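Structure first, then comments.
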Amino acid sequence: RVTAAVAKAQAAEANIEARGLRDKPRLVDRLIGKDDTTLGAWLTKYEGKIGERKLATQTRRQYKSLLKRAHKELADNLGLPIDLADTRLFADAIDRVAVKTPQTAKALRSLLVDCFDVAIAAGWAKENPVRVTDVPAIEIKRARLTWEVFQRLYASLPAGRLKNAVALALVSGQARETVS
């Protein structure tokens with residue numbers, strides 16, 4: 002048997018869940034000063050923390066794009082208190098992205114892992130639910146030149162710097178960026 006007070010509390014909790022209010026800030030959160038510790042609030046704060054880092058322009062652009070994608074994929078859960086954000090929430094979001102663009106999904110997962118590591122350091126979260134998600138598999142589609150194809154290509158090049166650069170790359174095994 003349960004007491005009347007416990008039964009009332011359980012009924013109130015069931016009503017909160019049934020009405021879909023579990024992820025909304027509640028009065029008790031405001032009373033103890035945790036009213037704006039939602040996932041959305043943290044993502045916004047994290048965006049500011051990214052701005053403080055010394056990053057290259059292209060890296061900033063990529064972070065901004067990934068944060069925009071995170072907001073889009075997690076839109077229905079941005080009001081969820083950060084402590085209630087679980088692994089399944091992020092695994093589902095990453096899986097949705099991986100269906101179309103596995104490389105983006107891998108980058109998004111990496112960003113979210115960093116996001117929660119910073120949240121832990123800032124005292125917003127106790128654990129990183131993204132760290133245990135699977136890394137999306139990416140199929141590499143590079144092809145290598147056969148010797149015959151290389152010989153035809155090399156023979157078709159005009160004499161000069163380009164032909165010398167190709168020969169140097171072949172002999173030294175250096176990357177194209179290093180040779181050019």
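Our numbering applies: residue 2 is where the sequence shown begins, and numbers increase by one.
Even for Gly, the Cβ is constructed at its ideal location relative to N, Cα and C.
Every value quoted in this text rests on a predicted model; they were computed, and no experiment measured them.
Next on the checklist: Less than 7 angstroms between C-beta atoms, sequence neighbours within five positions excluded: which residues of the same chain meet that for L158?
Outcome noted: K164, V167
Checklist entry - By Cβ distance below 7 angstroms, which residues in the same chain neighbour I95 in space, the five residues on each side in sequence not counted? => result A106, L109, R110, T134, P137
Item to check | Which of helix, strand or coil DSSP assigns to K82 | outcome: Looking at the sequence provided, one finds Pro at residue 82 rather than Lys. In the structure shown, P82 sits in a strand (DSSP, three-state: E or B).
Item to check | Segment limits, alpha helix (DSSP H) that includes E48 | outcome: 40-53
Item to check | F151 burial status per 10 Å Cβ neighbour count (16 or more: buried) | outcome: exposed
Checklist entry - In chain order, what residues of the same chain have a beta carbon less than 6 angstroms from the beta carbon of L112, not counting five sequence neighbours either side? => result L67
Item to check | Residue burial classification, L85 (beta-carbon count within 10 angstroms, cutoff 16) | outcome: exposed
Checklist entry - At what residues does the alpha helix (DSSP H) containing A108 begin and finish? => result 103-123
Next on the checklist: Among the candidates A76, I51, P82, G161, whose CA atom is the shortest distance from the CA of D115?
Outcome noted: I51
Item to check | DSSP-derived helix/strand/coil call for Q152 | outcome: helix
Checklist entry - Within 10 angstroms of its Cβ, does W43 collect 16 or more other Cβ (buried), or is it exposed? => result buried
Item to check | For P82 and K127, the rounded distance between their alpha carbons | outcome: 12 angstroms
Checklist entry - Excluding five sequence neighbours on each side, which residues of the same chain lie with their C-beta closer than 8 angstroms to the C-beta of N78? => result D24, L40, A86, L90
Next on the checklist: Could you compute how far the alpha carbon of F117 sits from the alpha carbon of E178?
Outcome noted: 35 angstroms
Next on the checklist: Let me confirm a value: Y155 is counted as buried when at least 16 other C-beta atoms fall within 10 Å, else exposed. Which label applies?
Outcome noted: exposed
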